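K.L.:
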C-alpha cells in the first residue's frame, strides 16, 4: 500500500497504448518504487522485447526509429528500456528536415503507444512538414495507438506483411485500495484544500463525480486523437471512430483494405522504393532544367523576349 499513490498517479494519466503493455509497465514501476534495482536488459525485454536501433542513413534517406513505449520526455524508462521520448523524437525529426544532405525520411516504428501528452504536438509537427521532403512511416512491426497517431502524420503509411496497426483509443485506470487498507486495519485520512484536490485518490472508492471527470479527460484526448487521424488519412472523424478497428489492432491486408495503411512492404523495400522515386524526380527536374536552359539560350540568340510563363519573375 506504501506506493499506491505513485502507481495510481501513473495509471490514471490518460494513455493511448495497448492495455497489456501498460500492465507490464505498471509491474516494473511497482518494482522500481519499492526499491528493487532494475536490470536494463530485463526491463527492455519485458516492455518491448527489441533493442531500439540507432538513427541511420541509406544514401540520402534518413531512417528515424520510434521503438517501445512513448513518453512525453526522457525518463528512467526511456533510459533503461529503449522507449521513446516524444520531445527528443521531435527534435531529431526537425534536424532531419533541416539537413540538406537528407532528401527523404522513413519513420521506422515498432511501438504499442504510450502516454498521450505531447503526441498531438508531434503529430502536427510531422503533418506540417509534408511537402518539405517525402516522409514515410512503416509499421515494423507494430504501429499501435499513440504510435499510429504519430505515424499517420507521414505522407504514406506502410505496414510489414506480419505487422499490425490500430488500437485507436484512450484509457485511464483507477486503483481502489480502500478494502485492502481496511483488511490491514489501516485508515488513512487526507487533509486538503480545494474541492477536487484529492479527487480520485486510491484510498477510497471512486465517486461518480470523479469518474465523470476522468472520463471527460479520456474523451477529450480521444476526440483529438481521432480528429488528427482523420486529417492525416483524409477521412472523416466518424469514419475513423467506426471504421478503423474501434480500439482493436488489425493486420496488414485488413489495414490496407480499411484505409488505415497505404501498402504492404518491408523496411528495405520501403527505403529502396523511396530511393528510386527520388532518383526519378531528380532526373525529371534535371530534364526540365536542361529544357528551360535550351529555350533560354535559343531566345537569347534570336533576340526575342522569353515567354511570360517561363520567366522567374
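In the working numbering, the protein residues as written are 1 to 313. In this text, a Cβ means the ideal position worked out from N, Cα and C, and glycines have one as well. Bear in mind the structure is a predicted one, so any value in this text is a computation, not a measurement.
Alpha carbons only, please: which of 107, 14, 20, 22 is nearest the one belonging to residue 315?
P.N.:
The first residue shown for the chain is 1 and the last is 313, placing residue 315 beyond what the model contains.
K.L.:
Using 8 Å as the Cβ pair cut-off and three pairs as the minimum, do the region 222-233 and the region 123-131 touch?
P.N.:
Touching, yes.
K.L.:
Below 8 Å, how does it come out for the region 81-96 and the region 182-192: are there three or more Cβ pairs, yes or no?
P.N.:
The region 81-96 vs the region 182-192: no contact.
K.L.:
Buried or exposed: which applies to residue 241, given that a residue is buried once 16 or more other Cβ atoms fall within 10 Å of its Cβ?
P.N.:
Buried, because 16 or more other Cβ atoms sit within 10 Å of the Cβ of residue 241.
K.L.:
Pick helix, strand or coil for residue 116, following the three-state DSSP scheme.
P.N.:
Of the three classes helix, strand and coil, the one that applies to residue 116 here is coil, per DSSP.
K.L.:
Taking residue 211 as part of the alpha helix (DSSP H), name the residues at either end of that continuous run.
P.N.:
208-233 is the span of the alpha helix (DSSP H), which, as asked, contains residue 211.
K.L.:
Between residue 92 and the rest of its own chain, which residues show a CB-CB distance below 7 Å, the 5 nearest in sequence each way excluded?
P.N.:
Counting only Cβ-Cβ distances below 7 Å, and skipping sequence neighbours, we find 55, 64.
K.L.:
Going by beta-carbon coordinates alone, are residue 203 and residue 177 separated by less than 8 Å?
P.N.:
Result yes, Cβ atoms of residue 203 and residue 177 sit closer than 8 Å.
K.L.:
Around the Cβ of residue 15, are there at least 16 other Cβ atoms within 10 angstroms (buried) or fewer (exposed)?
P.N.:
By the 10 Å Cβ count, residue 15 comes out buried.
K.L.:
Could you tell me which whole beta strand (DSSP E) segments of length 3 or greater appear in the region 119-204?
P.N.:
Correct list: 135-144, 156-159, 164-166.
K.L.:
Where do the N-terminal and C-terminal ends of the alpha helix (DSSP H) with residue 109 fall, by residue?
P.N.:
Not the alpha helix (DSSP H): residue 109 falls in the beta strand (DSSP E), residues 104-111.
K.L.:
Specify, as a first and last residue, the run of the alpha helix (DSSP H) that residue 97 falls within.
P.N.:
Its alpha helix (DSSP H) spans residues 86-98.
K.L.:
For residue 165, which residues in the same chain have their Cβ closer than 8 Å to its Cβ, ignoring the five residues on either side in sequence?
P.N.:
Excluding sequence neighbours, residue 165 sits near 139, 142, 143, 144, 148, 151, 157, 159, 249, 250, 255, 260, 261.
K.L.:
Consult DSSP for residue 19 and reduce its assignment to one of helix, strand or coil.
P.N.:
Reduced to three states, the DSSP call for residue 19 is helix.
K.L.:
In whole angstroms, give me the CA-to-CA distance for residue 18 and residue 113.
P.N.:
Approximately 7 Å, taken between the alpha carbons.
K.L.:
If you run the structure through DSSP and keep just helix, strand and coil, what is residue 57?
P.N.:
Strand.
K.L.:
On the DSSP bridge assignment, give the partners of residue 263 in chain order.
P.N.:
158, per the DSSP bridge assignment.
K.L.:
Find out if the Cβ-Cβ distance for the pair residue 109, residue 137 is shorter than 8 Å.
P.N.:
Their beta carbons are under 8 Å apart, which means residue 109 touches residue 137 by this criterion.
K.L.:
With a CB to CB cut of under 7 Å and the five nearest residues on each side skipped, what residues in its chain are close to residue 13?
P.N.:
These residues qualify, in order along the chain: 115, 172.
K.L.:
Three-state secondary structure (DSSP) at residue 244?
P.N.:
Of the three classes helix, strand and coil, the one that applies to residue 244 here is coil, per DSSP.
K.L.:
Taking the DSSP output, what are the residues bridged to residue 250?
P.N.:
In DSSP, residue 250 forms a bridge with 165.
K.L.:
From residue 318 to residue 223, what distance separates their C-alpha atoms?
P.N.:
In the structure as shown, the chain begins at 1 and stops at 313. Residue 318 is therefore absent and cannot be evaluated.
K.L.:
Quick check: what's the CA-CA separation for residue 247 versus residue 84?
P.N.:
Answer to the nearest angstrom: the Cα atoms are 22 Å apart.
K.L.:
What is the DSSP secondary structure of residue 28, reduced to helix, strand or coil?
P.N.:
In this structure, residue 28 counts as helix in the three-state DSSP scheme.
K.L.:
Applying the 10 Å Cβ sphere with the 16-neighbour rule, what's the burial state of residue 23?
P.N.:
Answer is exposed; the Cβ neighbour count stays below 16.
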